[in-house]
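Enquirer: Take this structure first; my questions come after.
In the working numbering, the protein residues as written are 12 to 192.
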């Protein structure tokens, strides 16, 4: 039998390969926060500028850590662009964010965000981790099913149960959550 010798190469963490691997992810994250195409492009440029300044630290991260860091940078840059847009008042605030975000902001009373954060933190560790990976870090059900080593159908059920437990905690705190949030 022939032995297969695999060469262990260091992952290519050049800016070009990072852009190639994560450009769609960055766009997805930015699009969740910004509606105007100019703002989206500005945020993306800022993301890749920051990443270019941090290439050395990226070489020490594994793929999952790179993905998480890039998502965090993209969120931060999208929020920065959003705040600048609102501060400069070049475009009415209503045009800079999606209808869903406007609705959430309009419905959010003082202290609601803190109560939701506390409810999330009071979930058990597995539920919190699952919901965070799915909604905060943007992993897909397919990716998470590989991570948890289970079928997608099973993972959908786990997500639904975790969301039900969160809804129950929120209801106990006086926050009424509609089915299917």
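Cβ atoms here follow ideal geometry from the backbone N, Cα and C, with glycine treated the same way.
(1) By the three-class DSSP mapping on this structure, what secondary structure does residue 129 have?
(2) Taking the alpha carbon of residue 96 as the reference point, which residue from 135, 45, 129 and 141 has its own alpha carbon closest?
(3) If we require 4 or more residues per run, which alpha helix (DSSP H) segments fall completely within the region 28-112?
(4) Rounded to a whole number of angstroms, what is the C-alpha to C-alpha distance between residue 26 and residue 153?
(5) Judging by CA-CA distance, which residue of 66, 68 and 39 is the nearest neighbour of residue 54?
(6) Give me the Cβ distance between residue 155 and residue 144, rounded to the nearest whole Å; I'm assuming they're in contact under 8 angstroms.
(7) Ignore the nearest five residues each way along the sequence and tell me which others in residue 98's own chain have a CB closer than 7 angstroms to its CB.
(8) List the endpoints of the continuous alpha helix (DSSP H) containing residue 153.
(9) From residue 166 to residue 188, what does the alpha carbon distance come to, in whole angstroms?
(10) Classify residue 132: buried if its beta carbon has 16 or more other beta carbons within 10 angstroms, exposed otherwise.
Expert: Answer, in terms of the structure:
(1) helix
(2) 45
(3) 48-64, 66-70, 74-99 and 104-107
(4) 27 angstroms
(5) 39
(6) 6 angstroms
(7) none
(8) 152-159
(9) 22 angstroms
(10) exposed
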